[in-house]
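Engineer: A single structure is presented below for examination.
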Amino acid sequence: METIQTKDAQGRVADAPSGHWVYRALPRSLWPYAQLARWDRPIGWWLLLWPCWWSAALAASAHAKPGAALLSVLPSPLTLLLFLIGAVAMRGAGCTYNDLVDQKIDAQVARTRSR
């Protein structure tokens, strides 16, 4: 993994994974926002998203009529998309709030010093 001091890693937080889509696809001007929302670490929004999708699947199957086609048993793609957007937004908001609240602590830890 590159360090923050290398030319290719300038503008990235110290523990950012190299070669991630955030740094390949987004313009450098959007990197700080993507890093603040931790888009390069998807586990947080996955943990929010899977229970949402699971509950949507359970609700859709509970509403289905017996013998209905498989597509009528699946949740609406719009609902799934809204859950995805909400999970990414809430994870970003939570990470942003955390960074604001514990600035003094982050400054004392080597891994989080560059946030």
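To get this note's numbering, take the position in the sequence shown, counting from 1, and add 81. The beta-carbon is built from N, C-alpha and C at its ideal position, and this holds for glycine as well.
How many angstroms separate the CA atom of Trp-127 from the CA atom of Val-182?
Structural biologist: As a working mapping, residue 127 is identified with position 46 in the sequence shown. As a working mapping, residue 182 is identified with position 101 in the sequence shown. Straight-line Cα distance between these residues: approximately 23 Å.
Engineer: Would you report the Cα separation of Leu-159 and Ala-106, rounded to the nearest angstrom?
Structural biologist: Start at 1 with the first residue of the sequence shown, and residue 159 comes out as number 78. Start at 1 with the first residue of the sequence shown, and residue 106 comes out as number 25. Their backbone Cα atoms lie some 25 Å apart in a straight line.
Engineer: Check this for me: beta carbons of Ala-118 and Val-169, under 9 Å apart or not?
Structural biologist: Within the sequence shown, residue 118 is the residue found at index 37, counting from 1. Within the sequence shown, residue 169 is the residue found at index 88, counting from 1. Cβ atoms of Ala-118 and Val-169: closer than 9 Å.
Engineer: Assuming Leu-130 and Leu-165 are in contact, meaning their beta carbons sit under 8 Å apart, how far apart are those beta carbons, in whole angstroms?
Structural biologist: Here residue 130 corresponds to residue number 49 of the sequence shown, with the count starting at 1. Here residue 165 corresponds to residue number 84 of the sequence shown, with the count starting at 1. Between Leu-165 and Leu-130 the Cβ distance is about 6 Å, and since that is below 8 Å, they are a contact.
Engineer: I need the straight-line Cα distance from Asp-121 to Pro-147, nearest angstrom please.
Structural biologist: One-based indexing of the sequence shown puts residue 121 at position 40. One-based indexing of the sequence shown puts residue 147 at position 66. Going by the C-alpha atoms only, they are around 42 Å apart.
Engineer: Please state whether the Cβ-Cβ distance between Gly-175 and Gly-100 is less than 9 Å.
Structural biologist: Walking along the sequence shown from the start, residue 175 turns up at place 94. Walking along the sequence shown from the start, residue 100 turns up at place 19. Going by C-beta atoms, Gly-175 is not nearer than 9 Å to Gly-100.
Engineer: Within 10 angstroms of its Cβ, does Ala-115 collect 16 or more other Cβ (buried), or is it exposed?
Structural biologist: One-based indexing of the sequence shown puts residue 115 at position 34. Ala-115 is buried by the Cβ-count criterion.
Engineer: Which runs of the alpha helix (DSSP H) spanning at least 4 residues fall entirely within the region 124-169, listed in chain order?
Structural biologist: 124-144, 151-154, all fully within the region 124-169.
Engineer: Taking Pro-113 as part of the alpha helix (DSSP H), name the residues at either end of that continuous run.
Structural biologist: Taking the sequence shown and counting its residues from 1, one reaches residue 113 at position 32. That run of the alpha helix (DSSP H) goes 112-117.
Engineer: With a threshold of 8 Å on Cβ separation, who are the neighbours of Leu-161 within its own chain once the five nearest residues in sequence on each side are excluded?
Structural biologist: On the sequence shown, position 80 is the one that residue 161 refers to. These residues qualify, in order along the chain: Trp-134, Ala-137.
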